[in-house]
Amino acid sequence: MKLARADTPDGVVEGEYVDGVIETDDATYGVGDEATLLAPCDPDALFCVGRNFGEKVDQMDYDIPDVPDWFIKPPHSLHPPEQPIPYPEWTAELTYAGELAAVIDESCHDIDEDEVDDVLRGYTILNDMDALDQERRTARKAFDGSGPLGPWIETDYEPVGKEMETHINGERRQHDTTENMFNKPRETVAFLSERYTFRPGDVISFGSPANPGLVEPGDEIEIRYEGIGTLRNSIGEPQ
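In this note's numbering, the protein residues as written are 272 to 510.
So this is what it looks like as structure tokens:
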């Protein structure tokens with residue numbers, strides 16, 4: 272099942288996404304006509320893992336981490352699918368990272384790996400935008416619009432062994448499978464739950480393959496994860 276959130280004439284609604292329509296208990300809304308997709312959850316935080324693919328580690332000359340290496344994006348970073356991502360006026364080096372992301376469904380803390388499936392709503396896609404010319408991770412990655420998320424949550428999903436690819440203006444720039452993660456999704460969620468009490472809607476992402484190249488205003492980004500779908504955004508003008 273695909274779960275989506277949308278802005279409609281009746282306000283923000285949540286329901287099942289089926290063939291371009293969001294179905295709630297009370298009504299149906301056609302996406303693009305009566306409904307505009309929003310990010311599929313409303314997190315208090317986005318917990319993002321880096322250095323989790325071999326190609327990425329090689330590209331950036333990183334050491335392979337023994338445990339998940341993570342940082343946090345605030346809710347200010349959240350950005351909906353299909354809507355242009357503003358290009359920050361204070362950077363000249365903006366890039367992207369197509370990441371698989373889990374969405375928490377219930378409050379939880381210090382859970383075992385075999386309990387992870389029980390506390391998840393499902394999986395979606397995150398674009399971990401990065402201003403490479405800024406110093407330190409918070410400045411680079413935690414700005415407004417730096418976390419496009421969506422287009423929906425797939426509730427029935429096995430995260431290991433899935434193919435992913437990212438296209439910029441139709442050119443494939445990323446391609447890998449989640450089998451090549453150093454720290455797999457369930458392992459990562461359990462590890463981070465030792466340190467945080469997750470809340471419903473919180474997001475945990477699992478890193479990205481190598482991401483060659485920068486993006487410029489007008490560029491189109493499409494991130495596809497097998498079994499979920501495609502997160503699409505363009506890059507807007509500097510602001």
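A virtual CB, placed ideally from N, CA and C, is assigned to each residue, including glycine.
- Within the same chain, and ignoring the five residues on either side of A363 in sequence, the residues whose Cβ sits closer than 8 Å to its Cβ are D404.
- One thing to note: P357 has its Cβ no nearer than 7 Å to the Cβ of G484.
- The count of Cβ pairs closer than 8 Å, one atom from the region 453-467 and one from the region 383-392, reaches three, so the stretches are in contact.
- If you draw a straight line from the Cα of E406 to the Cα of F477, it is about 22 Å long.
- Between V390 and C379, the C-beta gap is smaller than 7 Å, which places the two residues in contact.
- Note: E491 is bridge-paired with S505 in the DSSP secondary-structure output.
- Excluding its 5 nearest sequence neighbours in each direction, M452 has C-beta neighbours in its own chain below 7 Å: N323, F324, F477 and G478, listed in chain order.
- Pairing L308 with A277 gives a Cβ-Cβ distance under 7 Å.
- Annotation: A316 is outside any alpha helix (DSSP H) and is labelled neither H nor E by DSSP.
- For the pair of segments examined, the region 441-448 was found not to touch the region 346-353: the number of CB pairs separated by less than 8 Å stays below three.
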